[in-house]
Structures are given as structure tokens and as C-alpha cells.
Amino acid sequence: MKHTISVLVENQAGVLARIAGLFSARGFNIDSLAVGETEDPTVSRMTIVTHGDDRVVEQIMKQLNKLIDVIKVQDLNEVDMIERELVLIKVAATASTRSELMQIVNTFRAKVVDVNPKSLTVEVTGNQSKIDALLELVRPFGIKSVARTGVIALTRGVEEKKPAEKASG
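Here you go:
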């Protein structure tokens with residue numbers, strides 16, 4: 103089962119390497135990883151997507167909480183969340199296929215950010231299923247390259263107060 107884990111960490115050198123090392127050393131795979139500064143420049147939010155049953159995810163979260171630079175760990179699958187990903191897709195396009203591609207792009211509320219005689223580049227944001235559906239529809243035209251940011255996510259509703267100490271869940 104896919105799990106989206108939010109990890110608030112001290113914004114310091116080496117934190118990302120320690121967290122990636124924790125996953126690697128225990129044989130857990132990271133499907134997606136996005137990291138960025140929060141509203142507090144001393145804190146970064148890592149959004150990690152991984153696969154595993156509840157026992158595996160619970161073990162991951164316990165191990166993350168043991169790391170000194172980790173402030174808070176939360177399995178977002180346990181709460182109502184908003185998740186998005188940004189993707190750039192370069193698709194082969196000719197004069198005869200460009201119109202059909204534009205219809206697909208518009209249907210997905212994506213936008214064309216570059217056009218040249220042999221291709222067009224599309225920018226799309228959304229959840230993973232929306233992006234995967236768009237990729238499947240443009241695949242027959244010939245996908246030249248894809249760049250994905252990885253999932254970012256937040257809980258819905260009012261934000262909690264900044265934790266004074268480590269907390270799990």
C-alpha cells in the first residue's frame with residue numbers, strides 16, 4: 103500500500119542524507135521525495151512516498167522519530183490530505199497531431215509551455231492518478247521526456263501549532 107509521510111526536519115546540511123540512508127539501510131524504497139523550506143526558514147518539510155503495509159510504515163516512522171534533526175513525522179494516509187505533483191512532459195508533435203494533443207492538454211487543465219516544430223512541452227499539476235492518466239493519453243504520440251517533482255502534500259483544514267518537541271502521528 104502507498105503511504106505519504108510528512109517529515110518536519112531542522113533545515114541543516116546532511117539531514118536529507120541521513121533520512122535517505124535510514125531508508126536504504128533498512129531496505130525500504132522511496133517512490134517519491136520532495137523537500138522544501140516551510141514558512142519557518144529553520145524548518146524543512148519532506149514529503150516521502152513509499153510502499154509497505156502498516157507494520158512497515160510504523161517501523162519507518164519510529165526510525166525517523168529517532169533521528170535528532172526530525173521534529174515531527176506524520177503518515178498523511180491517516181488524515182484528510184491534499185497532494186499535488188508538478189510534471190513537465192515533452193511530447194512528439196507534428197502539424198497534423200498538434201490539434202489533438204492540444205485538446206487532451208486542455209481537458210486536463212494543463213498548459214503548453216514550449217512549442218517547436220517537432221514537439222511540445224506540457225506542464226501539469228495534480229494528483230498522481232491525474233498525471234498518470236495524462237501520460238497514458240499522450241504516450242501514443244511519443245513521449246520524448248518526462249520530469250516529475252515528486253508529491254508534495256499537506257493536511258486539510260487548520261494547521262496544527264508548531265510542535266515544541268518530537269511527536270509521532
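All residue numbers in the sequence shown are consecutive under our numbering, ending with 271. Where a beta carbon is used, it is the ideal one built from N, C-alpha and C, also for glycine.
Q. Comparing alpha-carbon positions, which option in Q114, F125, L166 lies nearest P143?
A. Taking the first residue of the sequence shown as position 1, residue 143 is located at position 41. Residue Q114 is the option with its Cα nearest to P143.
(Q) Applying the 10 Å Cβ sphere with the 16-neighbour rule, what's the burial state of D212? (A) Locating residue 212 in the sequence shown gives position 110, counting from the first residue. Residue 212 is actually Ala in this sequence, not Asp. Label assigned to A212: buried.
Q. Cα-Cα, which of E141, I150, S221, S126 is closest to D133?
A. By one-based count along the sequence shown, residue 133 stands at place 31. Here the closest residue by C-alpha is I150.
Q: Answer with buried or exposed for I170, where buried requires no fewer than 16 other C-beta atoms within 10 angstroms of its C-beta.
A: Here residue 170 refers to the residue found at position 68 of the sequence shown. It counts as exposed.
Q: Can you tell me the Cβ-Cβ gap for E112 and V145, rounded? I've got them flagged as a contact below 8 angstroms.
A: Here residue 112 is taken as the residue at index 10 of the sequence shown, counted from 1. Here residue 145 is taken as the residue at index 43 of the sequence shown, counted from 1. E112 to V145, Cβ: 7 angstroms. Contact.
Q: Measure how close the beta-carbons of L256 and I184 come, nearest whole angstrom, since I'm counting them as under 8 angstroms.
A: Within the sequence shown, the letter at position 154 stands for residue 256. Within the sequence shown, the letter at position 82 stands for residue 184. Between I184 and L256 the Cβ distance is about 6 angstroms, and since that is below 8 angstroms, they are a contact.
Q) Which value, in whole angstroms, describes the spacing of the CA atoms of D177 and A194? A) Reading the sequence shown from its first residue, position 75 is the one you call residue 177. Reading the sequence shown from its first residue, position 92 is the one you call residue 194. The alpha-carbon atoms of D177 and A194 are separated by roughly 39 angstroms.
**Q.** E202, buried or exposed, once every other Cβ within 10 Å from all chains shown has been counted against 16
**A.** Position 100 of the sequence shown, counted from the start, is the residue given in the question as residue 202. Exposed, since its Cβ has fewer than 16 Cβ neighbours within 10 Å.
Q: Sort R258, R186, I121, L110 by Cα distance to E141 and report the nearest one.
A: Counting from 1 along the sequence shown, the entry for residue 141 is found at position 39. That would be L110, whose Cα lies nearest to the Cα of E141.
Q. I think R186 touches T227, with their Cβ atoms under 8 angstroms apart; what is that distance to the nearest whole Å?
A. Counting from 1 along the sequence shown, the entry for residue 186 is found at position 84. Counting from 1 along the sequence shown, the entry for residue 227 is found at position 125. Contact flag correct, Cβ pair sits at about 5 angstroms.
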